[in-house]
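First residue of the sequence shown? That's 13 in our numbering, and the numbers climb one at a time after it.
Even glycine gets a Cβ: it sits at the ideal position worked out from N, Cα and C.
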Amino acid sequence: MTLPPALEAARVRLEEAGKTVAVVTVSRAALGLLALRDEPRPDAAEGVARLRRLGVEAVMLTGDNPRTGAAIGGALGVEVKASLLPADKLREIAALKERGPVVMVGDGINDAPALAAATAGVAMGSGTEVALEAADAALLRERVSGVADLVELSRATLTNVKQNMAVAVGLKLVFLVTTITGTTGLWLAILADTGATVLVTLNALRLLAWRPSVDSGSDTRHGAGTAPATRPALASPQRAN
Numbered sequence: 013m014t015l016p017p018a019l020e021a022a023r024v025r026l027e028e029a030g031k032t033v034a035v036v037t038v039s040r041a042a043l044g045l046l047a048l049r050d051e052p053r054p055d056a057a058e059g060v061a062r063l064r065r066l067g068v069e070a071v072m073l074t075g076d077n078p079r080t081g082a083a084i085g086g087a088l089g090v091e092v093k094a095s096l097l098p099a100d101k102l103r104e105i106a107a108l109k110e111r112g113p114v115v116m117v118g119d120g121i122n123d124a125p126a127l128a129a130a131t132a133g134v135a136m137g138s139g140t141e142v143a144l145e146a147a148d149a150a151l152l153r154e155r156v157s158g159v160a161d162l163v164e165l166s167r168a169t170l171t172n173v174k175q176n177m178a179v180a181v182g183l184k185l186v187f188l189v190t191t192i193t194g195t196t197g198l199w200l201a202i203l204a205d206t207g208a209t210v211l212v213t214l215n216a217l218r219l220l221a222w223r224p225s226v227d228s229g230s231d232t233r234h235g236a237g238t239a240p241a242t243r244p245a246l247a248s249p250q251r252a253n
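So, in structure tokens, the structure goes:
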């Protein structure tokens with residue numbers, strides 16, 4: 013529909029302000045505009061900043077028009093892919109996966125295919141049942157910064173697993189060699205194996221005391237491992253922001 017110049021100018025202005033615009037018509041004649049704005053969540057900017065410091069690239073996938081998407085994404089400092097249908101989001105996820113692991117965060121029905129296609133899918137707790145079923149994890153507190161918490165916790169867990177494997181396998185190899193060569197007896201090897209089990213169990217229990225880092229703008233992270241050489245990407249629809 014072609015709008016009168018005044019309405020067209022108003023539509024552009026409203027979209028550039030981050031609002032989704034609907035045209036009010038009567039008998040196919042445009043009478044006015046209805047503007048709606050889906051505000052970012054209060055902690056969205058903080059959550060995106062934390063992800064950036066963790067080495068995670070954030071991309072916003074939205075079905076809104078480019079002007080509206082740019083207004084919201086620009087305020088958050090994220091790359092924006094706009095005017096996307098569910099199939100388009102799938103293609104974007106596939107393209108991002110060629111560069112590294114991808115976490116998709118969403119809460120709507122249209123996000124379900126992308127949630128399932130991503131390396132890991134995270135649904136917001138208040139999302140649709142379809143999104144929750146397609147996701148691998150759910151954020152119950154409705155906080156974007158919770159995604160950064162998940163990244164930190166997953167890295168802390170992976171570091172813990174590697175430590176446990178190194179201790180368990182290392183001790184077994186050492187006492188395997190010393191037992192074969194006769195340097196140590198069989199009972200000492202058995203005790204060492206039991207001790208290794210206790211050590212790795214205690215080390216794993218340390219994760220119960222894990223807490224997300226208090227991010228004050230520094231790059232200090234509690235329990236987060238080193239960022240991978242290939243930066244992972246986090247794709248998020250506008251509503252998840």
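Check	Outcome
Closest Cα partner of G120 within the set P113, A132, M136, T131	M136
Residue environment, R62, which counts as buried when at least 16 other CB atoms sit within 10 Å	buried
Contact between the segment 86-101 and the segment 143-153 (3+ Cβ pairs under 8 Å)	no
Residues of its chain near L183, where Cβ-Cβ distance is below 6 Å and the 5 sequence neighbours each way are ignored	A204, A208
Unbroken alpha helix (DSSP H) run spanning E110, endpoints	Where E110 is concerned, there is no enclosing alpha helix (DSSP H), given that its DSSP letter is neither H nor E.
Where the beta strand (DSSP E) through A271 begins and ends	Because the chain spans 13 through 253 in this model, residue 271 falls outside it and cannot be assessed.
Straight-line Cα distance separating E27 from V156	24 Å
Beta strand (DSSP E) segment containing M177, residue limits	From DSSP, M177 is part of no beta strand (DSSP E) but of the alpha helix (DSSP H) over 157-192.
Top-ranked residue by Cα proximity to R53, from L88, T193, D100	L88
DSSP-derived helix/strand/coil call for L66	coil
Contact under 8 Å by Cβ, L73 with K101	yes
Separation of V114 from I105, as counted between CA atoms	7 Å
Residue span of the alpha helix (DSSP H) that contains V90, given as start and end	Counting along the chain, V90 falls outside any alpha helix (DSSP H), and DSSP gives it neither H nor E.
A99, buried or exposed, once every other Cβ within 10 Å from all chains shown has been counted against 16	exposed
DSSP state of L15 mapped onto helix, strand, coil	coil
Beta-carbon proximity check, A41 vs L19, cutoff 8 Å	no
Bridge-paired residues (DSSP) for A147	Answer is none; A147 lacks a bridge partner.
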